[in-house]
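Participant:
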Amino acid sequence: MSEEPRIGVFVCHCGINIGGYVDVPDVVEYATGLPDVVYAEPNLYMCSSDGLQKIQEAIKKYELNRVVVASCTPRTHEPLFQSACEEAGLNKYVFEMANIRDQCSWVHMHEPEKATQKAKSLVRMAVAKARLLVPEEEPEIDIRPTGLVIGGGVSGLTSALSLADQGFKVHLVEKEDRLGGTLLKLDTLFSSNVKASEVINPLIKRVKASTDVTVHLDSRVADVKGFIGSFDVGIETRGEPEMLSVGTIIVATGADYLSPEGLYGYGQVDNVVTQMELEQLFKEGGRLDGVKTLVMIQCAGSRNEERPYCSRVCCTEAIKNAIKLVKENPKRDVYILYRDLQTYGIEFSMMEYDAKKSGVKLVMYDKERLPEVTGGKRGPMVRVYSPLLDEELTIETDMVVLSAPIIPNEDNEALSKHLKVPLNSDRFFMEAHVKLRPLDFATDGIYVCGTAHSPKEVAESVSQARGAASRAGIPMAKGRLKTAAITSVVDEAKCSGCGTCIELCVYNAITKNERGLAQVTSAVCKGCGVCGASCPERAITMRHFTNEELEAQGLAALKEA
Amino acid sequence: MSYEPKIVGFLCNWCSYAGADLAGVSRFQYPPNLRVIRVMCSGRVHPAHILEAFRNGADGVLVAGCHPPNDCHYISGNLKAKRRVAMLKKLMIQMGMDERRLRLEWVSAAEGEKFARVVTEFTNQLKEMGPASMKAMAVAEDD
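Residue numbers (this note's numbering), protein chains in the order written: chain A, 1 to 561; chain B, 562 to 704.
(1) Strictly below 7 Å CB to CB, what residues from chain A border residue 601(B)?
(2) Can you give the Cα-Cα distance for residue 264(A) and residue 273(A), rounded to whole angstroms?
(3) Could you give the residue range of the beta strand (DSSP E) that holds residue 39(A)?
(4) If we call anything under 9 Å between Cβ atoms a contact, is residue 173(A) one with residue 589(B)?
(5) How would you list, in chain order, the residues of chain A whose beta-carbon sits under 8 Å from the beta-carbon of residue 641(B)?
(6) So, is the C-beta of residue 575(B) closer than 9 Å to a C-beta in chain A?
(7) On the three-state DSSP scale, how would you describe residue 250(A)?
(8) When the Cα of residue 473(A) is compared with those of 457(A), 534(A), 228(A) and 488(A), which residue comes out closest?
(9) Please decide whether residue 34(A) counts as near chain B, where near means a Cβ-Cβ distance under 9 Å.
(10) Taking 9 Å as the threshold (beta carbon to beta carbon), is residue 563(B) in contact with chain A?
(11) Rounded to a whole number of angstroms, what is the C-alpha to C-alpha distance between residue 610(B) and residue 403(A)?
(12) Is it right to say residue 178(A) is buried, meaning 16 or more other beta carbons lie within 10 angstroms of its own, or is it exposed?
(13) How would you call residue 350(A), buried or exposed, if buried means at least 16 neighbouring beta carbons within 10 angstroms?
(14) Answer yes if the region 152–169 of chain A comes into contact with the region 282–297 of chain A, meaning at least three C-beta pairs across the two stretches below 8 Å, and no otherwise.
(15) Less than 9 Å between CB atoms is the rule here; does residue 553(A) satisfy it with respect to chain B?
(16) Relative to the C-alpha of residue 555(A), which candidate in 23(A), 129(A) and 426(A) has its C-alpha closest?
(17) Have a look at residue 460(A) and residue 155(A) and give me their C-alpha separation to the nearest angstrom.
(18) Which of helix, strand or coil does DSSP assign to residue 564(B)?
(19) Got a sec? Which residues, its chain only, sit under 6 Å from residue 518(A) by beta carbon, not counting five neighbours each side?
(20) Shorter than 9 Å from the beta carbon of residue 685(B) to some beta carbon of chain A?
(21) The beta strand (DSSP E) that contains residue 171(A), what's its start and end?
(22) So residue 411(A) packs on residue 253(A), CB below 8 Å; how close in whole Å?
(23) Strictly below 9 Å CB to CB, what residues from chain B border residue 111(A)?
(24) State the start and end residues of the unbroken beta strand (DSSP E) segment that holds residue 429(A).
(25) So is residue 110(A) buried or exposed if we call it buried at 16+ other beta carbons inside 10 Å?
(26) If you draw a straight line from the C-alpha of residue 12(A) to the C-alpha of residue 602(B), how long is it?
(27) Tell me whether residue 414(A) is buried or exposed, calling it buried when 16 or more other Cβ atoms sit within 10 Å of its Cβ.
(28) Less than 6 Å between C-beta atoms, sequence neighbours within five positions excluded: which residues of the same chain meet that for residue 597(B)?
(29) Could you tell me whether any Cβ in chain B is nearer than 9 Å to the Cβ of residue 304(A)?
(30) Taking a Cβ distance cut-off of 7 Å, strictly less, list which residues of the region 442–453 of chain A are near chain B, in chain order.
(31) Our contact map puts residue 452(A) next to residue 234(A) with C-beta atoms below 8 Å; I'd like the distance itself, whole angstroms only.
(32) Indicate whether at least one CB of chain B lies closer than 9 Å to the CB of residue 82(A).
(33) Do we get a CB-CB distance below 9 Å when we pair residue 131(A) with the residues of chain B?
(34) Applying the criterion that 16 or more other CB atoms from any shown protein chain within 10 Å of the CB defines a buried residue, is residue 93(A) buried or exposed?
(35) How would you write the range of the beta strand (DSSP E) that residue 236(A) sits in, first residue to last?
(36) Within 10 Å of its beta-carbon, does residue 444(A) have 16 or more other beta-carbons around it, so buried, or fewer, so exposed?
If you want it as structure tokens, here you go:
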């Protein structure tokens, strides 16, 4: 921007949140004296419609070409003020915030004078940056109306059908030789006791019949290039490579179950099985007829140091199976040994009452003194210390059923690298924000659902799958998308072509041009700035976070203007 | 009046800046010596930005980002910050500076309490250490 900066500074009282501790009129007066500031005013609530209107009026009246709001955090309020600026004819990138509430008045409540001093210097820093701000164009990109769904379980099938119902083409990639995933292995689902096959088979049938969904069985994602709107995904089907061109990607790869080798006699004592294997026995029928006493052990291999998380479904699954077992044969003794019974929500806690009424025996055990399973004359012998009874019980059983945890897929690691999306510390896929963006990855155009994200039951997976498909549908329905302008820029005059930035960019957004110099593909760049910080020639800077802007802020932090 | 150290803090937008916001929302009190510069990623912080802050009179510089290995919004920017800070600390020692004046911390969006603790500890530590010698060097450089 060649024109001289004309900065307006708007200082918010936020009721008493700022005004109660920071001398707002004093900050306004101080701001008036800062370089290039032509106007400053206070407001009780800057984010109110009145406050926004005042900003817009001042932009026109004082011909402002930069706006600074000193109030709360840009993480929540920047978009609101930016759109107010846009409505008044300014580019949204000439806006800057000073966080004088969350990082000043609220944390220095007992030192009002120092808080006021700090608020002044935060405003000074924001003005210093604002003087250097320039309007930025947000690049527009095309979005291919085709989705890729990775995983053909209940989540993947649901999101594929949802995308197809919205009118998009879908590629569905499944690593096994058949669709259906974990539900194929289950007998019934809580809380309605519907047969798992009655849930999954219609989905499989609809997907197979759909002309919009192309199913790739025995297939794996081998390579992902590109960005939202135009991903080029290389898959391998029984060794045969194929390239898929899609606009969005939904990760619905599901999860696995721990095989609890060595735990509670599993693999060593006969008739020690997992809940999944019990489901199989239910499906086959017959083998459980002779079972008079059965003990289930919860948290078998979970909520420990190695796997600190709760698998969410096992308590309710155990309750469901226990009720089924006692209802089949009321003379059966069924025990559930638990640490904390987590049958959350209305329906599931009702199941817990049902189980108790039906005669299922719930025995709490102590994490520090785990139950023991050994081979007995009749079947597995269980010894468990109950802290409530302060007594050790010995139970002769015909079968022990272990509730083994849901564990992340082994392939998560590789897929997260291909997609450039993160895993959490338990190695499940991690969404962009647990509350604000629960279905998206931080990487645009890639979404997550089902147990790939975290252990969850079928209804939750289905909801999340539909949600992810809705999210993926938004850019594909629009067809074009503006992307953030915060990307890196190479000054070719300074670039020596060393390639350090190319090495360090995890998004492969930088390549060498025909002259051997660094060249950024803006649509691929996520704006982290790692390249800028690593450039030995300082030839790379970030739009909206330029080297000059950051250093001007630093200088303003340390020195009076 | 007692000596008040000046601290410049580079906070990543996704974890540490959010952690600082949470400290505010939770009303955790800490000394008012820190001046925050928001960056998208701790990996964005060029060593020159840090040295420039010291040259301009900072007594301490804080770089704060997402917990390694997996919290980084940009996959591994935090790890790059970690290596860079380690390098820079070596350089600071060679320049005759106390490397404790540069501090790297991992603060998640959920760690408001940790953020307040880090700022308090760092401020107190710098108070004990007294003003940075880099200021003297900067003056000598200007002469």
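Glycine included, C-beta positions come from ideal geometry on N, C-alpha and C.
Facilitator: Answer, in terms of the structure:
(1) Under the 7 Å cutoff, chain A gives 486, 527, 528, 529 and 545.
(2) Spanning the alpha carbons of residue 264(A) and residue 273(A) requires a straight line of approximately 10 Å.
(3) That run of the beta strand (DSSP E) goes 37–43.
(4) If you check the CB distance, residue 173(A) and residue 589(B) do not come in under 9 Å.
(5) Chain A residues near residue 641(B): 504, 530, 533 and 534.
(6) Chain A, which has a Cβ nearer than 9 Å to the Cβ of residue 575(B), makes this yes.
(7) DSSP places residue 250(A) in strand when its eight states are reduced to three.
(8) Ranking 457(A), 534(A), 228(A) and 488(A) by Cα distance to residue 473(A) puts 228(A) first.
(9) At a cut-off of 9 Å, the C-beta of residue 34(A) has no neighbouring C-beta in chain B.
(10) No, residue 563(B) lies away from the interface with chain A (no Cβ there is under 9 Å from its Cβ).
(11) One C-alpha to the other measures close to 53 Å.
(12) Residue environment for residue 178(A): exposed (fewer than 16 other C-beta atoms within 10 angstroms of its C-beta).
(13) Result: exposed.
(14) They do not touch, by the three-pair rule.
(15) With 9 Å as the cut-off, residue 553(A) counts as an interface residue toward chain B.
(16) The shortest C-alpha separation from residue 555(A) is found at 129(A).
(17) C-alpha separation (whole angstroms): 9 Å.
(18) Residue 564(B): coil per DSSP, three-state reduction.
(19) Excluding residues within five positions, the ones whose Cβ falls inside 6 Å are 490, 495, 501 and 510.
(20) The Cβ of residue 685(B) sits no closer than 9 Å to any Cβ of chain A.
(21) Unbroken beta strand (DSSP E) run through residue 171(A): 169–173.
(22) About 7 Å; that satisfies the 8 Å criterion.
(23) Neighbours of residue 111(A) on chain B, chain order: 590, 592 and 593.
(24) Unbroken run through residue 429(A): none, as it is neither H nor E.
(25) Exposed is the call here.
(26) Residue 12(A) and residue 602(B): Cα-Cα distance of roughly 28 Å.
(27) Counting every other CB atom within 10 Å of its CB across the protein chains shown gives residue 414(A) a total below 16, marking it as exposed.
(28) Leaving aside the five residues that flank residue 597(B) on each side, the residues in its chain whose CB is nearer than 6 Å to its CB run, in chain order, 570 and 572.
(29) By this cut-off, residue 304(A) is not an interface position.
(30) Correct list: 442.
(31) Contact doesn't hold; Cβ gap of about 20 Å is too wide.
(32) Not an interface residue.
(33) Not closer than 9 Å to any Cβ of chain B, the Cβ of residue 131(A) fails to qualify, so no.
(34) Burial call: buried.
(35) Run containing residue 236(A): 230–237, per the beta strand (DSSP E) assignment.
(36) Around the CB of residue 444(A), 16 or more other CB atoms lie within 10 Å, so the residue is classed as buried.
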